[in-house]
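In the numbering used here, the protein residues as written are 283 to 474.
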């Protein structure tokens with residue numbers, strides 16, 4: 283005879299279920315390989331205007347926004363329930379924030395551990411762990427690799443090649459983030 287659930291119990295009436303993540307595709311096709319891209323921003327002028335740099339790996343396309351226009355773009359997307367096109371932005375000229383756009387997942391790999399295989403990058407991106415880095419601290423070295431799962435389901439392998447401008451200093455008061463980040467990007471599309 284089946285036992286009736288106790289209505290005063292806080293224990294779950296069923297075994298917990300786990301959300302299933304769709305399996306990663308087993309193969310990928312290169313959309314582009316080792317494409318040079320850059321993210322840049324400008325410091326705020328006397329009127330408080332600065333710029334935010336953005337990259338959409340799926341397109342691929344780079345775009346710069348006035349900080350106020352980027353804030354408006356985010357607001358409009360949120361109000362309409364539509365995703366932002368850029369996958370990665372470089373913003374906030376004071377701290378130099380490299381930011382993953384909402385709706386994407388990414389992993390930051392150290393220069394000593396990067397694989398150049400699509401499947402390895404996809405596995406790292408699906409686990410995630412990276413959302414943003416403050417470049418004013420100069421803690422993200424050249425050759426750092428990011429594996430990004432884009433909003434369109436593609437995998438981007440993004441390698442920091444160089445930094446242009448800025449001022450590295452042990453004293454944060456005098457440190458300035460880079461003005462520009464040069465990247466090398468490979469994009470894979472999953473096979474159906």
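Where a beta carbon is used, it is the ideal one built from N, C-alpha and C, also for glycine.
Sequence-distant residues of the same chain with beta carbon closer than 8 Å to residue i, five excluded per side
i: residue 476; result: No statement about residue 476 is possible, as the shown extent of the chain runs from 283 to 474 and does not include it.
Nonlocal neighbours in the same chain, by C-beta distance under 7 Å from residue i, ignoring five residues either side
i: residue 434; result: 340
i: residue 299; result: Interpretation of residue 299 is limited by its pLDDT of 37, a score under 50 that renders its predicted location unreliable; no figure is taken from the coordinates.
i: residue 356; result: 366
i: residue 337; result: 319, 321, 344, 368, 369, 370
i: residue 406; result: 389, 391, 429
Supposed close pair residue i, residue j - CB separation, criterion 8 Å
i: residue 322; j: residue 346; result: 7 Å
i: residue 373; j: residue 334; result: 4 Å
i: residue 414; j: residue 379; result: 6 Å
i: residue 376; j: residue 349; result: About 11 Å separates the two Cβ atoms, so there is no contact after all.
i: residue 465; j: residue 440; result: 5 Å
DSSP three-state assignment for residue i, whether helix, strand or coil
i: residue 474; result: coil
i: residue 315; result: strand
i: residue 402; result: helix
i: residue 366; result: coil
i: residue 381; result: strand
i: residue 466; result: strand
i: residue 426; result: coil
i: residue 443; result: strand
i: residue 303; result: Caution is warranted here: a pLDDT of 44 is assigned to residue 303, below 50, making its placement in the model unreliable, and no coordinate value can be reported.
i: residue 275; result: Residue 275 lies beyond the range of the chain shown here (283 to 474); nothing can be said about it.
i: residue 375; result: coil
i: residue 414; result: strand
i: residue 408; result: helix
i: residue 340; result: coil
i: residue 350; result: helix
i: residue 358; result: helix
i: residue 334; result: strand
Spatially closest choice to residue i from the options, by CA coordinates
i: residue 428; options: 419, 400, 449, 365; result: 400
i: residue 403; options: 449, 467, 337, 318; result: 467
i: residue 353; options: 342, 455, 366; result: 366
i: residue 324; options: 381, 454, 410, 447; result: 447
i: residue 381; options: 418, 389, 371; result: 371
i: residue 394; options: 368, 419, 423, 383; result: 423
i: residue 343; options: 392, 359, 369, 362; result: 369
i: residue 315; options: 336, 308, 398; result: 398
i: residue 445; options: 452, 426, 438; result: 426
i: residue 450; options: 474, 463, 419, 442; result: 419
i: residue 463; options: 396, 363, 443, 364; result: 443
i: residue 519; options: 362, 438, 452; result: Only positions 283 to 474 of the chain appear in this structure, which leaves residue 519 out of reach.
Residues of its chain near residue i, where Cβ-Cβ distance is below 6 Å and the 5 sequence neighbours each way are ignored
i: residue 390; result: 412, 428
i: residue 459; result: 378, 417, 418, 448
Cβ-heavy atom distance, residue i to the ligand FAD, below 6 Å
i: residue 342; result: Because no ligand of any kind appears in the structure shown, any question about the ligand FAD cannot be addressed here.
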